[in-house]
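**Student:** Structure provided below as structure tokens; questions to follow.
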Amino acid sequence: MAKPGGAICNLDCAYCFYLAKELLYPGSRFEMAHDLHETYVRQLLESHGVGEVVMAWQGGEPTILGLDFFRRTIELQRKYARPGQRVLNTLQTNGTLIDDAWARFLREHRFLVGISIDGPEELHDRFRVDKGGKPTFARALRGLEKLQEHGVEWNVLTCVHAGNGDAGVRVYRFLRDDLRARHLQFIPVVERAARAGSTGAVGESSVGPEQYGRFLVEVFDEWVAADVGRVFVQLFDTTFARWLGLPGGLCVHEETCGRQVALEHTGDLYACDHFVEPRFRLGNIRQSHLLALVDSPQQRRFGLAKRETLTAQCRSCDVRPLCNGGCPKDRFALSSDGEPGHNYLCEGYGLFFRHVRPALRDLAELAAS
Numbered sequence: 014m015a016k017p018g019g020a021i022c023n024l025d026c027a028y029c030f031y032l033a034k035e036l037l038y039p040g041s042r043f044e045m046a047h048d049l050h051e052t053y054v055r056q057l058l059e060s061h062g063v064g065e066v067v068m069a070w071q072g073g074e075p076t077i078l079g080l081d082f083f084r085r086t087i088e089l090q091r092k093y094a095r096p097g098q099r100v101l102n103t104l105q106t107n108g109t110l111i112d113d114a115w116a117r118f119l120r121e122h123r124f125l126v127g128i129s130i131d132g133p134e135e136l137h138d139r140f141r142v143d144k145g146g147k148p149t150f151a152r153a154l155r156g157l158e159k160l161q162e163h164g165v166e167w168n169v170l171t172c173v174h175a176g177n178g179d180a181g182v183r184v185y186r187f188l189r190d191d192l193r194a195r196h197l198q199f200i201p202v203v204e205r206a207a208r209a210g211s212t213g214a215v216g217e218s219s220v221g222p223e224q225y226g227r228f229l230v231e232v233f234d235e236w237v238a239a240d241v242g243r244v245f246v247q248l249f250d251t252t253f254a255r256w257l258g259l260p261g262g263l264c265v266h267e268e269t270c271g272r273q274v275a276l277e278h279t280g281d282l283y284a285c286d287h288f289v290e291p292r293f294r295l296g297n298i299r300q301s302h303l304l305a306l307v308d309s310p311q312q313r314r315f316g317l318a319k320r321e322t323l324t325a326q327c328r329s330c331d332v333r334p335l336c337n338g339g340c341p342k343d344r345f346a347l348s349s350d351g352e353p354g355h356n357y358l359c360e361g362y363g364l365f366f367r368h369v370r371p372a373l374r375d376l377a378e379l380a381a382s
């Protein structure tokens with residue numbers, strides 16, 4: 014994913030892990046230079062063969078860069094796309110800056126837009142505030158209405174945190190019924206807290222492990238009763254794929270990782286957007302080709318470590334084939350026998366994956382019939 018404006022955002026969400034990345038680039042304008050913009054588009058297209066090529070634009074808040082940046086993106090894609098390549102642009106946004114001009118552009122160029130909404134107003138505004146501490150729900154909803162009015166393809170990304178983690182059914186019904194969302198992502202908030210002598214401390218916005226599991230179970234039961242084939246929940250789709258022995262497509266629960274790299278506005282490439290830290294910097298695409306950096310020994314080691322550093326408890330777990338230990342960023346807890354490097358969300362994952370197995374068996378039988 015590309016972060017052409019770095020960590021710059023017009024919001025100040027309490028749980029955002031990326032805002033602090035601004036400190037990596039003191040004095041920066043936080044805007045991808047024109048020549049680097051062209052280098053990135055060219056190298057990404059060179060790294061793919063025929064078929065669909067996805068360019069994922071994230072932040073911070075990428076719409077801060079303005080429409081001209083993305084108009085130029087389309088021009089560069091037309092310049093460098095090879096015969097047989099189809100470019101799909103995805104944009105993750107908080108929605109607050111989306112107006113008619115943005116929505117017309119996104120529809121014309123068939124962007125797939127992810128909009129961040131954490132549920133009904135009081136749940137969304139619990140942590141999603143602007144720089145002045147003011148609520149953002151109404152502005153996000155206006156942006157979504159513009160996307161809907163202009164026929165833009167969209168999905169919802171919902172962060173599951175301490176403020177909405179006990180309201181799984183309520184959040185799901187709001188997204189499904191009030192917003193008419195048909196594609197949903199639920200992302201757990203695990204905010205590390207720096208407390209002396211406590212390596213496993215989390216911040217106040219973090220969802221609890223069991224709380225997250227209950228949230229997923231509630232949503233799954235509501236979904237499986239009436240919405241299979243009508244509403245698509247990313248985690249449920251990928252879990253079913255893994256049950257069938259297919260690639261799930263969600264890096265969190267794949268056996269290995271390392272292909273979801275993050276490009277900063279300077280051209281620096283990092284192992285993952287959750288590991289934008291100096292020791293996980295792979296290089297800069299001004300000096301080395303994107304593909305060479307992704308396939309570097311350093312990045313291969315990073316990806317394989319996901320599997321090779323599982324705790325003994327995790328390796329012997331009955332749901333490991335579905336879970337695979339979760340994201341390495343959350344492996345800071347102790348296992349049941351005191352081994353470090355266990356996933357903080359383990360209890361929640363176990364609760365969810367064990368709960369859904371009977372339904373997965375039924376769905377597999379239906380799929381085979």
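Number 308 in this note's numbering belongs to position 295 of the sequence shown; there are no gaps in the numbering.
The beta-carbon is built from N, C-alpha and C at its ideal position, and this holds for glycine as well.
1) What residue range is occupied by the uninterrupted beta strand (DSSP E) comprising CYS172?
2) Which residue marks the beginning of the alpha helix (DSSP H) containing ALA201, and which one marks its end?
3) Does the Cβ-Cβ distance between THR76 and THR52 come in under 8 Å?
4) Quick one: is ALA175 near chain B, going by C-beta distance under 8 Å?
5) Of the residues LYS159, SER218, LEU188, PHE43, which one's Cα is nearest the Cα of GLY132?
6) Please confirm if the region 273 to 283 is in contact with the region 291 to 311, defined as three or more CB-CB distances below 8 Å between the two stretches.
7) CB-CB under 8 Å to ALA33, same chain, minus the five flanking residues each way: which ones, in chain order?
8) Quick one: Cα of LEU80 to Cα of LEU104, how far?
9) So within the region 320 to 378, which uninterrupted beta strand (DSSP E) runs reach at least 3 residues, ignoring any that extend past its ends?
10) So, at 6 Å on beta carbons, what are the nonlocal neighbours of GLU360 in its own chain, with the 5 sequence-adjacent residues on each side left out?
11) Are the beta-carbon atoms of THR86 and ALA153 separated by less than 8 Å?
12) So does the region 261 to 273 actually touch the region 371 to 382, counting three or more Cβ pairs closer than 8 Å?
13) Between the alpha carbons of GLN273 and CYS285, how many angstroms are there, rounded?
14) Going by the DSSP bridge assignment, what does PRO148 pair with across the sheet?
15) Taking TYR28 as the reference, which of SER219, HIS368, VAL246 has the closest Cα?
16) Helix, strand or coil for GLY19, going by three-state DSSP, please let me know.
17) Are the CB atoms of PHE228 and GLY178 nearer to each other than 8 Å?
18) For ILE130, name the three-state secondary structure that DSSP assigns.
**Tutor:** So, from the listed chains and residues:
1) 166 to 173
2) Before going on, a small fix: residue 201 reads as Pro here, not Ala. Per DSSP, PRO201 belongs to no alpha helix (DSSP H); it is in the beta strand (DSSP E), 196 to 201.
3) no
4) Annotation note: the requested chain B is absent from the structure, which comprises a single protein chain.
5) LEU188
6) yes
7) ALA20
8) Rounded to whole angstroms, the separation of the alpha carbons of LEU104 and LEU80 is 12 Å.
9) 353 to 355
10) Sequence-distant partners of GLU360 (beyond 5 residues in either direction) whose C-beta falls short of 6 Å from its own C-beta, in its chain, are PRO222, GLU223.
11) no
12) no
13) C-alpha separation (whole angstroms): 6 Å.
14) VAL142
15) SER219
16) Look at GLY19 here: in three-state DSSP terms it is coil, with no helix or strand label.
17) yes
18) In the structure shown, ILE130 sits in coil (DSSP, three-state: anything other than H, G, I, E or B).
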